[in-house]
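Comments concern the structure below.
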Amino acid sequence: MDTLKCISLIGFICLFTSCYSDEYTKYEDSFFSIYLRGWNSIICPQKVVYKKYVKNSNFKKLIDSTSGFDININCLPKYDKFNKIIPTSPYNDQMVLTPYLPINGQLNYDIKLIIDDSLEYKITDIQDKIDTISDIGRKKWVIMNNIKSLVVNGQKLDNTKAPLNVDIPTKLGKVIKKR
């Protein structure tokens with residue numbers, strides 16, 4: 002009798018877990034955020050400029066420019082559930098730059114990212130394609146532009162571990178003006 006109960010329980014579990022169908026969500030965004038890894042500074046950027054240039058124009062033919070980025074997410078204090086500040090390192094190990102308005106479509110252009118008029122990232126040879134990847138959760142999928150690789154200031158980077166974002170080591174930035 003115990004065997005019958007066990008088999009019935011397993012049958013019900015299989016029945017209910019198989020009832021979920023695959024769920025697909027399509028986004029038009031080129032990426033969600035730009036992650037500058039290894040930021041390691043207490044200084045938070047005040048200004049971020051994202052410039053789009055015609056691909057392979059050696060940054061001579063500007064297409065568009067925007068400075069609408071949320072840069073405060075890493076700079077705000079963190080609080081626990083009792084509204085007390087969580088003691089953390091004053092250093093941010095990464096800086097997350099999220100556009101206020103989505104940047105849509107495939108990245109068929111070169112990018113110049115300038116932070117506080119002092120740090121520059123020239124991003125070229127962006128390899129991206131519309132692809133389906135697993136989202137957090139069961140049977141959920143995201144159809145979106147996925148950035149596979151890119152070249153930042155002459156250094157080729159593999160971006161497959163963060164395909165919905167742009168992942169750049171901070172140390173690749175070129176200092177154009179000392180603060």
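Take any residue in the sequence shown, count from 1 to its spot, add 1: that is its number in our numbering.
Backbone N, C-alpha and C fix where the C-beta goes; we use that ideal spot for every residue, glycine too.
Here the structure is a predicted model, which is why all the values come from computation and not from measurement.
When only Cα atoms are considered, Lys113 and Ile11 end up about 56 Å apart.
Straight-line spacing of the CA atoms in Leu151 and Ser31 works out to 14 Å.
Under the DSSP assignment, Glu121 falls in the beta strand (DSSP E) whose first and last residues are 120-135. Annotated as proximal: Ile64 and Val55, with beta-carbon spacing under 8 Å. Taking Lys123 as the centre and dropping the five residues before and after it, the same chain places the C-beta of Lys113, Asn154 closer than 6 Å to its C-beta, in chain order. In the DSSP annotation of this structure, the continuous segment of the beta strand (DSSP E) that includes Lys141 starts and ends at 141-153. Straight-line measurement puts the Cα of Gly39 at about 57 Å from the Cα of Asp3.
The residues Thr26, Trp142, Val143, in chain order, have a CB closer than 8 Å to that of Asp136 in the same chain once the five nearest residues on each side in sequence are set aside.
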